[in-house]
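**Student:** According to this note's numbering, the sequence shown is numbered sequentially starting from 937.
Using N, Cα and C, we set each Cβ at its ideal position, and we do this for glycine too.
Below are the structure tokens for one structure; questions will follow.
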Amino acid sequence: EFASEELRRDLDIVLEALRNTDAARKYMAADLRDSPVLGDARDNRNRLAGRGNSAPLIIVASMAWASDREKIQVTVEMLSGQQECRGRWAGPQRFGALAARAARQQRVDLVFLSMQRGEAPQQPSAVLNPLSDFV
């Protein structure tokens, strides 16, 4: 209610507000109301953690096209270097599918997901980006 217009237009800030209360919808900028990213927040499908969340950090150790060039092979690990999961996704899969699998593996609701060691985690608004954008 007291947030500046700039904050009301920030997709990641609005997403976090919606995770906390659906009442945030009435204060967000009108042009964000139909955002599919925010729809995922309300449906609890977006597993990417944002600012202020407490969640494990998962690092993408490797990501490459499989030999058939139709699937993407991904290996993720914990900050300690312990390998956590491997998977193959069809090319059009979204980044959110990787976050969801990592969250299930960790038995948590949210994860911070970094594309490489030392890089800042992806923002929750990246949930709909195709995995192929990161290969």
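Tell me where the beta strand (DSSP E) around residue 1012 begins and ends.
**Tutor:** In the sequence shown, the residue the question calls residue 1012 occupies position 76. Note, residue 1012: beta strand (DSSP E), 1007-1014.
**Student:** Could you check whether the segment 1046-1062 touches the segment 985-997, counting it as contact only if at least three pairs of C-beta atoms, one from each stretch, sit closer than 8 Å?
**Tutor:** Result yes; three or more Cβ-Cβ pairs closer than 8 Å.
**Student:** Residue 999 to residue 992, Cα distance in whole Å?
**Tutor:** Residue numbering aside, residue 999 sits at position 63 when the sequence shown is read from its first letter. Residue numbering aside, residue 992 sits at position 56 when the sequence shown is read from its first letter. Each residue's Cα considered, the two are about 20 Å apart.
**Student:** Use the C-beta contact count for residue 969: other C-beta atoms within 10 angstroms, 16 or more gives buried, fewer gives exposed.
**Tutor:** Your numbering for residue 969 matches position 33 in the sequence shown. Exposed is the call here.
**Student:** Closest by CA to residue 1054, which one among 1016, 1022, 1065, 946?
**Tutor:** Position 118 of the sequence shown, counting from 1, holds the residue named residue 1054. For the residues 1016, 1022, 1065, 946, the minimum Cα distance to residue 1054 belongs to 1016.
**Student:** Assuming residue 1049 is part of the beta strand (DSSP E), what are its boundary residues?
**Tutor:** Position 113 of the sequence shown holds residue 1049. Residue 1049 -> beta strand (DSSP E) spans 1048-1050.
**Student:** Can you give the Cα-Cα distance for residue 996 and residue 1013, rounded to whole angstroms?
**Tutor:** Here residue 996 refers to the residue found at position 60 when the sequence shown is read from its first residue. Here residue 1013 refers to the residue found at position 77 when the sequence shown is read from its first residue. If I take the Cα positions, the gap works out to 6 Å.
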